[in-house]
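**Student:** Quick one: structure below, then a few questions.
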């Protein structure tokens, strides 16, 4: 629910409408007739995935893993879909503040709402993380999970990315969707483990990634069960319970999956502990990092970025055996082709 | 993790070695050659299960439910296995206090440990829920989840029920295991939703019920991720996070499953809200209550019982359309036959 590590400064990027614009999705070269990972170029990243899957599924081999233990976890923002100029859930927050403003006339004169409505960078920066939390609580709590679900479904269907001008579900990563499919075809259960809110993801990830709600681990708040006029409802309370980021990711995995995964995919230092937890287990393991290197087709960022900062992961990937996915050279296409 | 509703008085039952003893498992009559629910007698309970499954799986029928929405939840204590003279997790607690006593000489003179070690009913009663919580924290936290997992595996393999004198996994309910199998054969995903600790159940329920760890929703405490000598560990902290009982069950379902189940099975008033949440949803629903009516083959109890009290459920089952399972008349056998 709450991204405590997330600097409110990055809110400015959206409000100012800045950030590197995504260029129109280029036409992919005619795909060769390959059954496995067709949107991937031959290279070390694709080879690492295929070698790992082959090893753990070869019966009698030294690295064989029985089906029930084939668990793979995926970060969402920056790993399964884009995250610039701002985590998409925060673009949702801004959209919600604007949509809800008519019912909250006081927001016109109250920070941080006034700043969000007006795109006032200085005031938003001044509001800091506390202000960001206020925006999150105002837009994500005080309603039932069913009500919130309906709001997210409406938004994901109708909203457009501020610069790419396409629905957010068209900003998923086609090569990663193929990895999910490939793993599932080989007996894996695939889970999302994201800093994003569980209830923000569940309404749309089944269609986008083939991942059912019960396999979504995210940040979460407390819920309260109430019966209103004989009808039960679960109320979203403004009390964060787990921030599923950084060291919170292994916690979310242990609580909700209850098995140590054997493969993990991330893109930022918020995924470091998940990759560490997964790849230090016994037996063959796979840890991969999506490296955003393609300023032409997506965005290019790592160490200096407010959103999706990747520093420790870059420094330690080599010695930890984690494989970098070079978006520019490894992926034939980035987003799904229309 | 913590059963706040649970009166410490019932601890006395164990320590005193009282409680209705289970009679030796009787020989089942030769099972007729039926493929479905063979340990069930023909009757309204069995008929309700078969009618429900037929309705929701008949394509084109008005009650058809697509596979991904076929979610069924099961309480554990008293629903999938016995729970007398005391929830088995508390028998585990007592066993642990005794096993750990050598490393805690102070327990010989400190309540509530002294009382647990000595079987001192009066002192245990005086310690109350606070004392029970102390026993739980002392035996369930301050170790890693891997360490706790190993302790539970050892216990479930070696421990014997105080009166039945058999391993606890032989006290599961064969007819309910058949319901789990029958539902899964019809496209259902089956989940445990129990007041018991998630980490107490996960080590053995896959073998006992065919339910994998990621489909176990239970009470839980906070975890902390730590790296010790380069090896990650998840430490179980003495801070309860969710008591997955009563109104906590719909909360656990919403957080961990993220879909409203269409069928639920319970046995006590701790399951009331789960049954209510599940059976008030739209479309065809099934709510069932295991009624412990068989003093000869298991135990007989409902309204007056400290463990597994069933009162509101009995009062409202009729008007809510919940079906009672009469253990004595509906089940040909209770526990798995050797």
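Chains as they are written, first to last, in this note's numbering: chain X, 1 to 338; chain D, 1001 to 1338. Note that CB positions come from ideal geometry on N, CA and C, so glycine has one too. In this text, all values refer to a predicted model and were calculated from it rather than measured experimentally.
Contact defined as beta carbons within less than 8 Å: I believe residue 214 of chain X pairs with residue 1259 of chain D. What is the distance between those atoms, to the nearest angstrom?
**Tutor:** At roughly 7 Å, the Cβ-Cβ gap stays under 8 Å, so residue 214 of chain X and residue 1259 of chain D are in contact.
**Student:** Is the shortest distance between the beta-carbon of residue 255 of chain X and the beta-carbons of chain D less than 8 Å?
**Tutor:** Chain D contact via Cβ: present.
**Student:** Using three-state DSSP, classify residue 1328 of chain D as helix, strand or coil.
**Tutor:** Reduced to three states, the DSSP call for residue 1328 of chain D is helix.
**Student:** Nearest to residue 1337 of chain D by alpha carbon, out of D:1197, D:1170, D:1068?
**Tutor:** It is D:1170 whose Cα lies nearest to the Cα of residue 1337 of chain D.
**Student:** For residue 136 of chain X, go through chain D and note every residue whose CB falls closer than 8 Å to its CB, in chain order.
**Tutor:** The premise fails here: residue 136 of chain X is roughly 18 Å from chain D at the closest Cβ pair, so nothing lies under 8 Å.
**Student:** Measuring only the C-alpha atoms, how far is residue 1032 of chain D from residue 1174 of chain D?
**Tutor:** Low local confidence applies: a pLDDT of 43 at residue 1032 of chain D is under 50, so the model's placement there is unreliable, with the coordinate-based value given in what follows. Rounded to whole angstroms, residue 1032 of chain D to residue 1174 of chain D spans 16 Å at the Cα level.
**Student:** Taking the alpha carbon of residue 1142 of chain D as the reference point, which residue from D:1261, D:1236, D:1296 has its own alpha carbon closest?
**Tutor:** Checking every option, the nearest Cα to that of residue 1142 of chain D belongs to D:1236.
**Student:** What does residue 1251 of chain D reach in chain X if we use C-beta pairs closer than 9 Å?
**Tutor:** By Cβ distance, chain X contributes 222, 223, 224, 225, 234.
**Student:** Just to confirm the assignment, what range does the alpha helix (DSSP H) spanning residue 1354 of chain D have?
**Tutor:** Nothing about residue 1354 of chain D can be read from this structure; chain D reaches only from 1001 to 1338.
**Student:** By how many angstroms is the C-alpha of residue 105 of chain X removed from the C-alpha of residue 144 of chain X?
**Tutor:** Residue 144 of chain X and residue 105 of chain X: Cα-Cα distance of roughly 23 Å.
**Student:** With a 10 Å radius around its C-beta and 16 neighbouring C-beta atoms as the bar for buried, classify residue 267 of chain X as buried or exposed.
**Tutor:** The residue in question, residue 267 of chain X, is buried, as its Cβ has 16 or more Cβ neighbours within 10 Å.
**Student:** Thinking C-beta only, is residue 318 of chain X closer than 8 Å to residue 195 of chain X?
**Tutor:** For residue 195 of chain X and residue 318 of chain X, no; Cβs fall outside 8 Å.
**Student:** Could you check the C-alpha separation between residue 1075 of chain D and residue 1244 of chain D for me, to the nearest Å?
**Tutor:** Each residue's Cα considered, the two are about 10 Å apart.
**Student:** Between the beta-carbon of residue 56 of chain X and the beta-carbon of residue 46 of chain X, is there less than 8 Å?
**Tutor:** No; because the gap between Cβ atoms is not below 8 Å, this pair is not in contact.
**Student:** How many angstroms separate the CA atom of residue 303 of chain X from the CA atom of residue 85 of chain X?
**Tutor:** When rounded, the distance between both Cα atoms is 15 Å.
**Student:** What is the rounded straight-line gap between the Cα of residue 327 of chain X and the Cα of residue 44 of chain X?
**Tutor:** Each residue's alpha carbon lies about 12 Å from the other.
**Student:** Compare the C-beta of residue 1089 of chain D against all C-beta atoms of chain X and say whether one is closer than 8 Å.
**Tutor:** So no, residue 1089 of chain D is outside the interface.
**Student:** State the Cα-Cα distance for the pair residue 1238 of chain D and residue 100 of chain X, rounded to the nearest angstrom.
**Tutor:** Looking at the two C-alpha atoms, the distance is approximately 40 Å.
**Student:** Which residues in chain X have a C-beta closer than 8 Å to the C-beta of residue 1198 of chain D? List them in chain order.
**Tutor:** Per Cβ cutoff of 8 Å: 255, 258.
**Student:** Go through the region 1242-1272 of chain D residue by residue and report every complete run of the alpha helix (DSSP H) that reaches 4 residues or more, in order.
**Tutor:** Counting only runs of 4 or more, we get 1248-1256.
**Student:** Over the uninterrupted alpha helix (DSSP H) stretch that includes residue 140 of chain X, give me the two end residues.
**Tutor:** Residue 140 of chain X -> alpha helix (DSSP H) spans 121-140.
**Student:** When DSSP labels each residue in this structure, what does residue 1204 of chain D get in the three-state scheme?
**Tutor:** Helix at residue 1204 of chain D.
**Student:** State yes or no: is the beta carbon of residue 172 of chain X nearer than 8 Å to at least one beta carbon in chain D?
**Tutor:** So no, residue 172 of chain X is outside the interface.
**Student:** Roughly how many angstroms lie between the CA atoms of residue 1058 of chain D and residue 1248 of chain D, to the nearest whole one?
**Tutor:** If you take the alpha carbons of residue 1058 of chain D and residue 1248 of chain D, they lie about 33 Å apart.
**Student:** Listing by chain order, which chain D residues have their CB less than 8 Å from the CB of residue 209 of chain X?
**Tutor:** None at all; the shortest Cβ gap to chain D is about 14 Å.
**Student:** Verify the CB distance criterion: does residue 1280 of chain D have a CB-CB separation below 8 Å to chain X?
**Tutor:** So, interface residue.
**Student:** Taking only beta-carbon positions, decide if residue 1145 of chain D is within less than 8 Å of chain X.
**Tutor:** It does: the Cβ of residue 1145 of chain D has a partner Cβ on chain X nearer than 8 Å.
**Student:** Okay, do the region 107-115 of chain X and the region 130-140 of chain X touch, 3+ Cβ pairs below 8 Å being the bar?
**Tutor:** Flag = yes, the region 107-115 of chain X and the region 130-140 of chain X touch.
**Student:** Taking residue 1287 of chain D as part of the beta strand (DSSP E), name the residues at either end of that continuous run.
**Tutor:** First-last of the beta strand (DSSP E) with residue 1287 of chain D: 1286-1291.
**Student:** Tell me, please, which residues DSSP counts as bridged to residue 1072 of chain D.
**Tutor:** Note: residue 1072 of chain D sits in a beta bridge opposite D:1190, D:1263.
**Student:** Interface residues of chain D around residue 241 of chain X at Cβ under 9 Å?
**Tutor:** Simply 1241, 1242, 1255.
**Student:** Considering Cα atoms alone, identify which of X:179, X:225, X:282 is closest to residue 330 of chain X.
**Tutor:** It is X:179.
**Student:** At the 8 Å Cβ level, is residue 1264 of chain D part of the contact set with chain X, yes or no?
**Tutor:** So, not an interface residue.
**Student:** What residue range is occupied by the uninterrupted alpha helix (DSSP H) comprising residue 318 of chain X?
**Tutor:** Run containing residue 318 of chain X: 312-320, per the alpha helix (DSSP H) assignment.
**Student:** With residue 1228 of chain D as the anchor, note down where its beta strand (DSSP E) starts and where it stops.
**Tutor:** Taken as a continuous stretch (DSSP letters only), the beta strand (DSSP E) holding residue 1228 of chain D covers 1216-1228.
**Student:** Cα separation between residue 274 of chain X and residue 198 of chain X?
**Tutor:** The straight-line gap from Cα to Cα measures roughly 17 Å.
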